[in-house]
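*Asks:*
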């Protein structure tokens, strides 16, 4: 029999950020300004869930939910809103917390680059990307290369 004075076992979480395409979901890679994003999370046992959204390193939104029951599992679907403009960082970072403890982060790269006829990036933003944003693009390229075999 568990000791009521001992802390509860940690919650198990399965989660990912997806792009909504009609009635289907796909894993995100580069996300266009018109595409809708959703975070899906399954938490067992149900517990307080907090989602923080950062644009670059700047916190833009924080939402928290507490499930009505404490048994079984809770399923959360959260629409991730963002500005359609290309101003600001190309990194949208989603941070997930359970009972105030971080369980993970996912980074979404916003905006599909426009390439001119000579293969150059057209319409570059006025500000240079941060080191963290450049590293996020490098990780994306590495993951894509591994997936392609």
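In the working numbering, the protein residues as written are 180 to 328. Note that CB positions come from ideal geometry on N, CA and C, so glycine has one too.
1) Does the distance from the C-beta atom of residue 219 to that of residue 194 stay below 8 Å?
2) Taking 8 Å as the cut-off, decide whether the C-beta atoms of residue 213 and residue 268 are in contact.
3) Provide the residue span of the beta strand (DSSP E) that contains residue 203, from first to last.
4) Candidates 209, 248, 258: which alpha carbon is nearest residue 231's?
5) Report the partner residues of residue 270 according to the DSSP bridge assignment.
6) Exposed or buried, which one is residue 253 when buried takes at least 16 other CB atoms within 10 Å?
7) For residue 191, collect the residues of the same chain with a Cβ closer than 6 Å to its Cβ; drop the 5 residues on either side in sequence, then sort them by chain order.
8) In three-state DSSP terms, what is residue 322?
9) Going by the CB atoms, is the gap between residue 314 and residue 209 shorter than 8 Å?
10) Is residue 239 near residue 278, with beta carbons less than 8 Å apart?
*Replies:* So, from the data block:
1) The sequence position of residue 219 within the chain shown is 40, counting from 1. The sequence position of residue 194 within the chain shown is 15, counting from 1. A contact, by the Cβ cut-off of 8 Å.
2) Locating residue 213 in the chain shown gives position 34, where the first residue counts as 1. Locating residue 268 in the chain shown gives position 89, where the first residue counts as 1. Their beta carbons are not under 8 Å apart, which means residue 213 does not touch residue 268 by this criterion.
3) Position 24 of the chain shown, counting from 1, holds the residue named residue 203. Counting along the chain, the beta strand (DSSP E) containing residue 203 begins and ends at 203-206.
4) On the chain shown, position 52 is the one that residue 231 refers to. Nearest option by C-alpha distance: 258.
5) Along the chain shown, one-based indexing puts residue 270 at 91. DSSP lists 288 as partners of residue 270.
6) Here residue 253 refers to the residue found at position 74 of the chain shown. With 16 or more other Cβ atoms within 10 Å, it is buried.
7) Looking up residue 191 in the chain shown gives position 12. Answer for residue 191: 223, listed in chain order.
8) Here residue 322 refers to the residue found at position 143 when the chain shown is read from its first residue. Residue 322 falls in the helix class under three-state DSSP.
9) On the chain shown, position 30 is the one that residue 209 refers to. On the chain shown, position 135 is the one that residue 314 refers to. Not a contact, by the Cβ cut-off of 8 Å.
10) Residue mapping note: residue 239 aligns to position 60 of the chain shown, counting from 1. Residue mapping note: residue 278 aligns to position 99 of the chain shown, counting from 1. Cβ distance not < 8 Å, so residue 239 and residue 278 don't count as in contact.
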